[in-house]
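Q:
In our numbering, the protein residues as written are 671 to 910.
1) For the alpha helix (DSSP H) that residue 873 lies in, which residues bound it at each end?
2) Less than 9 Å between the beta carbons of residue 737 and residue 764, yes or no?
3) Would you call the region 774–786 in contact with the region 835–849, where contact means no fewer than 3 C-beta pairs closer than 8 Å?
4) Go to residue 694, then tell me how far its alpha helix (DSSP H) extends in each direction, as first and last residue.
5) Report yes if the CB atom of residue 799 is closer than 9 Å to the CB atom of residue 760, and no otherwise.
6) Which word fits residue 633, buried or exposed, when buried means at least 16 other C-beta atoms lie within 10 angstroms of its C-beta?
7) Runs of 3 residues minimum, wholly inside the region 782–833: which ones carry the beta strand (DSSP E) assignment?
8) What is the DSSP secondary structure of residue 774, counted as helix, strand or coil?
9) How do the region 816–824 and the region 851–869 stand: do at least 3 beta-carbon pairs fall below 8 Å, yes or no?
10) Please report how far the alpha carbon of residue 832 lies from the alpha carbon of residue 848, in whole angstroms.
11) Assuming residue 758 and residue 780 form a contact by the criterion Cβ under 8 Å, report the distance between their Cβ atoms to the nearest whole angstrom.
12) Taking the alpha-carbon positions, what's the residue 812 to residue 835 distance?
Written as structure tokens, this is what we have:
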């Protein structure tokens with residue numbers, strides 16, 4: 671008797687998804703569909719509760735409605751990023767203007783879908799965001815690394831949570847190491863809207879050094895007076 675072998679393809683592992691949506695029918699449809707697809711779903715119906723749950727961590731992706739009671743979706747996303755949380759955020763909105771999309775991306779959203787939408791596309795985009803976050807390789811110089819997806823620095827085995835601005839500063843320094851990164855380039859990297867100045871940059875460097883340099887045996891972030899800053903494996907003298 672001939673034996674027929676059947677090749678099975680393993681299903682993609684489920685993700686932990688936080689849905690922050692105040693319209694009950696939309697939230698229920700998303701929950702039902704994603705759970706049938708093997709995902710673990712949590713739901714919050716207002717922005718303040720959603721922010722608290724998102725800050726607790728443990729989610730692979732946040733699906734975030736733009737118009738929410740108690741805390742608007744844009745403000746929620748900004749607060750999440752300012753708190754150093756790099757979890758991917760997929761924004762949902764009934765509005766489809768370029769300005770709305772640009773505002774969402776400016777506050778830290780990773781993707782954008784306009785209602786109504788197909789559930790299969792929603793799940794596909796959630797998986798893409800998760801893959802992209804996982805594949806964001808940490809940049810490393812010596813024993814100092816930065817993971818932009820998690821907004822987390824790692825030095826000598828110690829994990830250090832950074833704010834969005836601290837992370838952008840460290841990423842720019844790592845990208846240019848061991849060369850000098852000019853004040854102007856650092857200002858553009860951190861304040862993309864042009865809102866920063868030299869004094870604010872010096873303050874931010876001071877904050878970053880307090881986290882990734884001073885608790886350790888030697889400083890890696892050094893100053894080139896009047897030019898910029900450099901990051902190096904070799905011990906650097908701190909700027910005054």
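The beta carbon of each residue, even a glycine, is placed where N, CA and C say it ideally should be.
A: Short version:
1) Position 203 of the chain shown, counted from the start, is the residue given in the question as residue 873. Note, residue 873: alpha helix (DSSP H), 868–882.
2) Against the chain shown, residue 737 aligns to sequence position 67. Against the chain shown, residue 764 aligns to sequence position 94. Cβ atoms of residue 737 and residue 764: closer than 9 Å.
3) no
4) Residue mapping note: residue 694 aligns to position 24 of the chain shown, counting from 1. Note, residue 694: alpha helix (DSSP H), 694–706.
5) Here residue 799 refers to the residue found at position 129 when the chain shown is read from its first residue. Here residue 760 refers to the residue found at position 90 when the chain shown is read from its first residue. In this structure, residue 760 lies closer than 9 Å to residue 799 by Cβ.
6) Nothing can be reported for residue 633, as the shown portion of the chain is limited to 671 through 910.
7) Runs of the beta strand (DSSP E) lying entirely within the region 782–833 and spanning at least 3 residues, in chain order: 809–811, 814–817, 822–825 and 828–831.
8) Taking the chain shown and counting its residues from 1, the one referred to as residue 774 is at position 104. Helix.
9) Not touching, per the Cβ criterion.
10) Start at 1 with the first residue of the chain shown, and residue 832 comes out as number 162. Start at 1 with the first residue of the chain shown, and residue 848 comes out as number 178. If you take the alpha carbons of residue 832 and residue 848, they lie about 21 Å apart.
11) Taking the chain shown and counting its residues from 1, the one referred to as residue 758 is at position 88. Taking the chain shown and counting its residues from 1, the one referred to as residue 780 is at position 110. Yes, residue 758 and residue 780 are in contact; Cβ-Cβ is about 5 Å, under 8 Å.
12) Within the chain shown, numbered from 1, the residue matching residue 812 stands at position 142. Within the chain shown, numbered from 1, the residue matching residue 835 stands at position 165. About 22 Å.
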